[in-house]
Amino acid sequence: GGCSSEGGHCYENTYEAYRICLGPEATTLNKKPYETLLSHLENRGPLSTHVKIDTEGTEWAVLETLLDSQYDQDKIRTLEMEVHFSFRPEAQTEELRNLPERKRIERGVRVMERLL
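For the sequence shown, the positions run 1268 to 1383 when this note's numbering is used.
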């Protein structure tokens, strides 16, 4: 049934966990397939999705892509994430991996500010 008569929190769909490598683009690195957050948000309705991200450093590029799409942001009801300011993950571009630490931290702060 739906949630129209429910008070408080109600989820019409079952929670499903996807243990995947999440990156800014769909690719394979070191024999590991990476998927995009936007591909997982396809065919989702507004405010229909709980997103939990623990990607050991690739969250910045993933979040930047998400923040560029208001349409996809509108599909997310809740966003839970762990952030890493100093990791240099393999799924980032070489240019981003080679940024000085201060620049990497500033980039992360800018992304966090955009999430507000």
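Even glycine gets a Cβ: it sits at the ideal position worked out from N, Cα and C.
Option nearest glycine 1324 by Cα separation, candidates Glu1368, Arg1381, Glu1380 = Glu1368
task = Say whether the region 1286 to 1293 touches the region 1340 to 1349, bearing in mind that this needs 3 or more beta-carbon pairs closer than 8 Å, one atom from each stretch.
result = no
request  = Could you pull out every residue in the same chain whose Cβ sits closer than 8 Å to the Cβ of histidine 1351, ignoring the five residues on either side in sequence?
outcome  = Glu1323, Gly1324, Glu1326
request  = Note the first and the last residue of the continuous beta strand (DSSP E) segment covering arginine 1344.
outcome  = 1343 to 1348
ask   = In three-state DSSP terms, what is leucine 1308?
value = Three-state result, leucine 1308: helix.
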